[in-house]
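Report on the following structure.
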Amino acid sequence: MLKKNTQHEKVSHRKPVVLMSMGAQERKGHDYQVMTVKYIKPLAEHAGCVPLLAPTCCGSEDIEQYLSMVDGVYLTGAGSNIDPALYGQENLTPDKQQDPNRDNFDIPLIHAALKMGLPIFAICRGMQELNVALGGDLHQKLYAEPNMLDHREDGDESVDEQYADAHQVRLVSNSWLSKLLEAEEIPVNSLHGQSIKTLGAGVQVLAHAEDGAIEAIHLPEVEQFTLGVQWHPEWKAAQNPNSIKIFAAFGDACRLQVQARS
């Protein structure tokens, strides 16, 4: 009996495992699959989760097997844009890098994760993927839209300057995110040229930028944790109380998955 209790305790205290899909990068004639350290560390340090990095270059056939091993899904930002053909538009930014392997992996990954009830946390490109997967579309050139700010970073600035607070985000009043952050408005960084235009099925807004750009979304009709943010809470997360709260909430949701499976 003592042995059985000890085994159960080990299972229930297992850290959650979270899937992170990798992206393509070419270096000196070689193709790489990569994931930036800035995304990995807060998942481990503030969410208390173990990252499982999945290459997207091998197709989507093994998605269900990947998801059978994890307790959550974390869709990060990247330097590439989503293929506009996936939301019925022509490509207006042909000079911008694309990553069709990631597109073709993450779209079915989102559908499968939602079906399995797994928590999903999505940042920047990841938030846009979540919206596109559910039938929404994007502003391909947000900076060219009337009355919209230019949310892109200045490539001539230092990295610290690029990721500095750029504008305020207004949280939907009395939403779970505003309650989590204990605020109606927060400062955020801004490093994106594209933004959500039309919301996908079941997607609701949690925050807007000063110009009305959508900065955070969730799926209130599903039971599991879902959150997409357009800013980058992973950047120096340990120095940002709002980032810590967001990663901790995602980690707590993933721990519930561990308990449900134990």
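Per this note's numbering: the sequence shown = residues 1 to 262. All C-beta atoms in this analysis are idealised placements derived from N, C-alpha and C, irrespective of residue type, glycine included.
Please report the Cβ distance between residue i and residue j, rounded to the nearest whole angstrom; I am assuming they are in contact, meaning their Cβ atoms lie under 8 angstroms.
i: W231; j: V188; result: 4 angstroms
i: A209; j: L149; result: 7 angstroms
i: A248; j: H46; result: 6 angstroms
i: P16; j: V258; result: 5 angstroms
i: I123; j: G77; result: 5 angstroms
i: A216; j: L177; result: 6 angstroms
i: M35; j: L53; result: 5 angstroms
i: L171; j: A183; result: 7 angstroms
Closest by CA to residue i, which one among the options?
i: A99; options: F121, A248, G126; result: The residue you asked about is not Ala; residue 99 is Asp in the sequence shown. Among F121, A248, G126, the Cα nearest to that of D99 is on G126.
i: Q140; options: I120, Q168, S195, G155; result: S195
i: L130; options: M116, H151, E145, I107; result: I107
i: V222; options: N240, P241, A201, L53; result: A201
i: T226; options: P241, P233, Q239, F250; result: F250
i: S60; options: F105, Q239, G79; result: F105
i: L75; options: P241, L181, P220, P233; result: P233
i: D252; options: T93, M22, A183, V50; result: V50
i: N240; options: K179, D165, Q89, S158; result: D165
Going by beta carbon distance, what residues of the same chain come within less than 6 angstroms of residue i, once the five residues before and after it are set aside?
i: Y87; result: V132, D137
i: D71; result: P16, V17, C254, Q257, V258
i: Q7; result: Because the pLDDT of Q7 is 42, which lies under 50, any placement of that residue in the model is unreliable, and the question is left without a value.
i: S175; result: L206
Let me check one thing: in DSSP terms, what residues is residue i bridge-paired to?
i: S21; result: A54
i: D71; result: Note: D71 sits in no beta bridge, so no partner.
i: N81; result: Q98
i: G228; result: A122, I217
i: V188; result: H167
i: L138; result: I196
i: Q204; result: H218
i: V34; result: G23
i: A112; result: Partner(s): none; A112 has no beta bridge.
i: A209; result: V169
Which same chain residues, not among the five before or five after residue i, have their C-beta less than 7 angstroms away from its C-beta?
i: N101; result: A24, T56, C57
i: W235; result: K38, Y163, N189
i: T198; result: G136, D137
i: K96; result: N81
i: E64; result: A112
i: N147; result: D211
i: G79; result: Q97
i: M22; result: Q33, V34, M35, L53, A54, P55, T56
i: L219; result: G202, V203, T226
i: Q128; result: I82, L138, Q194, I196
i: G48; result: K15, G251
i: M69; result: V17, L52
Tell me which same chain residues have a C-beta within less than 8 angstroms of the C-beta of residue i, skipping the five on either side of it?
i: Q168; result: E185, I186, P187, V188, A209, E210
i: L67; result: L19, V73, L109, A112, A113, M116, L118
i: E237; result: Checking the sequence, you will find Ala at residue 237 rather than Glu. Hits under 8 angstroms: K41, P42, E45, H46, S243, I244, F247.
i: P143; result: The sequence given here places Tyr at residue 143; Pro does not occur at that position. Correct list, in chain order: L149, D150, H151, R152, G193.
i: D83; result: N91, Q98, P100, D103
i: Y32; result: A24, Q25, E26
i: D154; result: E161, Q162
i: A85; result: N91
i: S173; result: E184
i: E145; result: H139
i: V180; result: The amino acid at residue 180 is misidentified as Val; the sequence shows Leu. Closer than 8 angstroms at the Cβ level, and outside the excluded window around L180, lie K245, I246, A249.
I'd like to confirm something about residue i: is its beta-carbon nearer than 8 angstroms to some heavy atom of the ligand NAD, or not?
i: S262; result: Ligands are entirely absent from the displayed structure, and the ligand NAD is therefore not among its contents.
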